[in-house]
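Peer 1: The working numbering applies: residue 2 is where the sequence shown begins, and numbers increase by one. The beta carbon of each residue, even a glycine, is placed where N, CA and C say it ideally should be. Got a structure here, written out as structure tokens. Questions coming.
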Amino acid sequence: TGAKKEKKKDDGSMRRFIDREVAQQLDAPDMSWQAGAAEGEKEGPNKKRHADAESNEDDEDEDEDDEDDEEGESDQREDSDEGMMELGKDQMPAEKKKKNKHKKGMDYYLEEAEGGEMEAQEELARCFSTGRGCEENQKRACFWFKKAAEQGSSVAQLEVAGRLAEGIGVDANQEEATEWMRKAAKQGEAEAHFRLGFRLSKGEGCAIDEAQAVVHYQKAAARGVSGAQFNLAVRYESGKGVVQDFRKARKFFTEAAEGGDATAQNTLGLIYLRGECGTDADFALGTDWLEKAARQGLAEAQFRLGIVHQSGQYGLPPDPAKAVDYFRKAASKDLPEAQFNLGWCWLSGEGVEMSPTKALEWFEKAAANGSADAMHNLAVLYQEGEHVTQDDAKSALWQKKCTAARESAGEMPEEMDDTAA
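This is how it looks when you write it as structure tokens:
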């Protein structure tokens, strides 16, 4: 039998500032293929192609379209290639008057696409995907992307792979998604190498193969894909799937950071602040990288800068007001550690005028986002009744939630002292 672990005895005191790492996800996937990807996702070559295609909208005349609004198309027509082409015709608006006579209209793309022109098929698919010049229809977008993919377009192959992976415009099929990514990667599509590396690492639509995942990450990294550079850096730092090599880890973190990857900038900042990953500490350089990530809106970097300014670590004098500013920015993005620290600032009056009401508000937000420390503080507040109305029932409820949260996170449950009935 193993040794029995002791429960940590809790003296019932308030938790102060959290000063720990926000966990980073290994091998974060890139979803830049998807139209309208959420802010904060890594940019990729394929997303830029969408942006380039969509920028042509600015050249269109603003005169009203004469559209044919015929309806009543049957499901049977959608089930065949010919039917899908006819449905494409049904949705084509009349040709617009254009200031730019060289701009091609939807009817042109349809005619060329039906004639087998690969680039027209891609452009028609983008139109249906984004609703540019027609009603958005992801099923038809996928139909035309697949037509172009079957002719060998690596861009379209990557699009089809992404849609099959997520089930957009088509039933999800992970095995088929991986096969289309392989086809795009064989043609040298850098983004395909990146995504294929991720799928091989996680076993999505294929068997797990760490060695091949690294091979594909390396090919994508050599072409400047920041996500692949970051994932390689994490591997060389940890030794997962490769021989641990801090020099290579710093090299790839730096390449990704210089390419504008906010997560890599944050990681590199922490490395230099602490002198980790085989390098000496450089406070100025570390803070500079954190600030670059924070300016991009990365909550983890904003939180870390708040800690730096609150504590006065790393060669900087304490600046509670600046710390609060960074905590606010990170807290607004629902980062529980930042919400907890902001709550403590309001409770203690560090950097702001003390406000128990606002402290309670931020502790509750942090607790709602899973912060066990915030749950503990709420239990103590209601137990002591110093800043809120004393309430044993609420105290017990928050302590129960705190214990459950710690157990879920693999931590030993804490006990209130004997006075915290």
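Measure how close the beta-carbons of residue 123 and residue 156 come, nearest whole angstrom, since I'm counting them as under 8 Å.
Peer 2: 6 Å
Peer 1: Buried or exposed: where does residue 409 fall if 16 or more other Cβ atoms within 10 Å of its Cβ makes it buried?
Peer 2: exposed
Peer 1: Quick check on the DSSP output: the alpha helix (DSSP H) that includes residue 241 runs from which residue to which?
Peer 2: Here residue 241 belongs to no alpha helix (DSSP H), and DSSP marks it neither H nor E.
Peer 1: What alpha helix (DSSP H) runs, 4 residues minimum, are completely inside the segment 188-254?
Peer 2: 191-203, 211-223 and 227-239
Peer 1: Smallest Cα separation from residue 367: which of 345, 351 and 338?
Peer 2: 338
Peer 1: To the nearest angstrom, how far is it from the Cα of residue 307 to the Cα of residue 279?
Peer 2: 26 Å
Peer 1: Tell me the DSSP secondary structure of residue 321 in three-state form.
Peer 2: helix
Peer 1: Could you have a look at residue 349 and say whether DSSP puts it in helix, strand or coil?
Peer 2: helix
Peer 1: Would you identify the three-state DSSP class for residue 376, choosing helix, strand or coil?
Peer 2: In the three-state reduction of the DSSP assignment, residue 376 falls in the helix class, which pools H, G and I.
Peer 1: With a threshold of 8 Å, are at least 3 pairs of Cβ atoms found where one atom belongs to the segment 144-151 and the other to the segment 106-124?
Peer 2: yes
Peer 1: Look at the Cβ atom of residue 314, then the Cβ atom of residue 294, and state whether they are nearer than 9 Å.
Peer 2: The criterion of a C-beta distance shorter than 9 Å is not satisfied by residue 314 and residue 294.
Peer 1: For residue 108, report the span of its alpha helix (DSSP H) as first-last.
Peer 2: 107-115
Peer 1: Rounded to whole angstroms, what is the Cα-Cα separation between residue 396 and residue 382?
Peer 2: 7 Å
Peer 1: Determine the extent of the alpha helix (DSSP H) in which residue 158 is found, giving its start and end residues.
Peer 2: 155-167
Peer 1: Using a Cβ-Cβ cutoff of less than 6 Å, which residues in the same chain neighbour residue 65 once the five nearest sequence positions on both sides are dropped?
Peer 2: Any answer about residue 65 is weak, because its pLDDT of 41 lies below 50 and its placement is not dependable; what the coordinates show is given next. If we look at residue 65 and ignore the five residues flanking it on each side, it has no Cβ neighbours.
Peer 1: Where does residue 411 land, buried or exposed, given buried means 16+ other C-beta within 10 angstroms?
Peer 2: exposed
Peer 1: Among the candidates 375, 187 and 163, whose CA atom is the shortest distance from the CA of residue 176?
Peer 2: 163
Peer 1: So, does the segment 354-362 touch the segment 315-333, judging by three or more C-beta pairs under 8 Å?
Peer 2: no
Peer 1: Using a threshold of 9 Å, state whether the C-beta atoms of residue 159 and residue 193 are closer than that.
Peer 2: For residue 159 and residue 193, yes; Cβs fall inside 9 Å.
Peer 1: Taking only three categories from DSSP, how would you classify residue 183?
Peer 2: Looking at residue 183 - three-state DSSP - the assignment turns out to be helix.
Peer 1: Let me confirm a value: residue 268 is counted as buried when at least 16 other C-beta atoms fall within 10 Å, else exposed. Which label applies?
Peer 2: buried
Peer 1: What do you get for residue 309, buried or exposed, if any count of 16 or more other CB atoms within 10 angstroms of its CB means buried?
Peer 2: buried
Peer 1: Excluding sequence positions up to five away, which residues of its chain have a Cβ less than 8 Å from the Cβ of residue 35?
Peer 2: Residue placement at residue 35 is flagged as unreliable, the pLDDT there being 34, under the threshold of 50; a coordinate-derived value is accordingly withheld.
Peer 1: Rounded to the nearest angstrom, what separates residue 399 and residue 364 at their Cα positions?
Peer 2: 11 Å
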